[in-house]
Amino acid sequence: MRVAILQFPGSNCDWDSEHAVRDVLGVSAHRVWHKARLPSETEAVIVPGGFSFGDYLRCGAIARFSPIMHDLKNFAEKGGQVLGICNGFQILCESGLLPGALIRNDCLDFRCLNQNLTVENSNERFNQNTLGNSLLLPIAHGEGNFRADESVLFSLEENQQVLIRYDGNPNGSVNAIAGIRNSAGNVYGMMPHPERAVGSHHPCLDGLPVLKAFLEPLLDSIPVEVTSG
Amino acid sequence: MKVTVFVSPKITVLDPQGAAVEQAMKSLGYESVEGVRVGKTITFEMEGSDSPDSREKLDKLCDGLLSNPVIEDFRYEIEEG
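In order, the protein sequences belong to chains A and B.
Each position in the first sequence, counted from 1, maps to that position plus 180 in this note's numbering.
Each position in the second sequence, counted from 1, maps to that position plus 29 in this note's numbering.
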């Protein structure tokens, strides 16, 4: 296994993530139940979207204490590549692997639309050369309103840890932040769904460069044929 | 002992629910209402009594699971018996 896709009770983007990584990008990927151990041959982890544990208490609050999170923390501390999407982003924030928190959208509505995003020059993998200046990606969340205290926000901006921002802020996030990375550059989180934008049956294909940027350390070593069908 | 934990959004954090409830209160005629914050209470029974040791345990529980220190404050009340 190269990419492990975590499955919590209530995850619902796990199969889409597996399809995007395995069938579209051609990288071996498997779903791993939250009570299992992270396989030793794991090279990257995706924490997928959904409503883990019914979003009870707070989004991601209970998943944070799932058995596999211990392995995930070790994996991330050793420099392992981790991407949290939507509820996965919320779980990574709750577990302290990413700074900040995600609260109720300021409009109180569940926002479900194809969202225009502006790409920031964050690091050698996530920048305007690799992703283009802007992206169109689906969003679908009720709690995507990114919050961080002033000092955290300052360091996020100062260290260029913001990956993407919303055009026309749909949820009230500070600085219109839609996705961030940790300072080490191995843990990524975003509210938009790249795994829902990889095929001709999807409204857009901009998930491909995003997932490729994340999986780039793995893609280098194998030939990749990207199909969009 | 019976424990009641009160979790509320930090005063520095936007509370969209509180703002919506405040708007509804005003439209009902309670125009002088302001500063509405929506939180939650969590009640449970726990063995032991009110002591520095059990308060230390409760602090840990509240800070880790029941509230998120980035966005929320907590306090709790303990009822003996």
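A virtual CB, placed ideally from N, CA and C, is assigned to each residue, including glycine.
What you are looking at is a predicted structure, and each value in this text was computed from that prediction instead of being measured.
- The beta-carbon of B/Ile40 is placed no less than 8 Å from the nearest beta-carbon of chain A.
- Interface criterion not met: the Cβ of A/Glu304 is under 8 Å from no Cβ in chain B.
- Contact of A/Arg327 with chain B is assigned, a C-beta pair being separated by under 8 Å.
- According to the DSSP assignment, A/Ala320 belongs to the beta strand (DSSP E) that extends over 314 to 321.
- At a cut-off of 8 Å between beta-carbon atoms, B/Ala53 makes no contact with chain A.
- According to the DSSP assignment, A/Phe255 belongs to the alpha helix (DSSP H) that extends over 248 to 257.
- The beta carbon of A/Asn285 sits closer than 8 Å to some beta carbon of chain B.
- Beta-bridge annotation (DSSP): A/Gly260 is not paired with any residue.
- Here the alpha carbon of B/Val65 sits roughly 20 Å from the alpha carbon of A/Leu237.
- In the DSSP annotation of this structure, the continuous segment of the beta strand (DSSP E) that includes A/Thr298 starts and ends at 291 to 299.
- Using a Cβ-Cβ cut-off of 8 Å, A/Phe231 is close to nothing in chain B; its nearest Cβ partner there is about 17 Å away.
- For B/Leu43, the nearest beta carbon of chain A is closer than 8 Å to its own beta carbon.
- Along the length of the stretch 40 to 100 of chain B, whole beta strand (DSSP E) runs at least 3 residues long occupy 69 to 74, reported in chain order.
- At a cut-off of 8 Å between C-beta atoms, B/Val34 does not count as an interface residue with respect to chain A.
- Taking 8 Å as the threshold, the shortest C-beta distance from A/Ala243 to chain B does not fall below it.
- Partner residues in the beta bridge of A/Trp213, as assigned by DSSP, are A/Gln187.
- Counting along the chain, A/Pro397 sits inside the alpha helix (DSSP H) bounded by residues 387 to 399.
- Along the stretch 58 to 80 of chain B, none of the residues has a CB nearer than 8 Å to a CB of chain A.
- Taking the C-beta atoms as reference points, A/Ser314 is found no nearer than 8 Å to A/Leu336.
- According to the DSSP assignment, A/Gly268 belongs to no beta strand (DSSP E) but to the alpha helix (DSSP H) extending over 267 to 274.
- Cβ proximity to chain B below 8 Å picks out Gly352 from the stretch 336 to 354 of chain A.
- Taking 8 Å as the threshold, the shortest C-beta distance from B/Val99 to chain A falls below it.
- Boundaries for A/Leu218: no beta strand (DSSP E) harbours it, and the DSSP string shows neither H nor E there.
- The stretch 373 to 392 of chain A makes no contact with the stretch 246 to 262 of chain A, as fewer than three CB pairs between them are under 8 Å.
- In the three-state DSSP reduction, A/Ala243 falls in the helix class (H, G or I).
- Neighbours of B/Leu94 across chain A, judged by C-beta separation under 9 Å: Leu237, Ala241, Ile242, Arg244, Phe245.
- Here the stretch 286 to 296 of chain A makes contact with the stretch 344 to 363 of chain A; the two share three or more CB pairs at distances below 8 Å.
- Taking the beta carbon of A/Gly280 as reference, the chain B residues within 7 Å of it are Val99, listed in sequence order.
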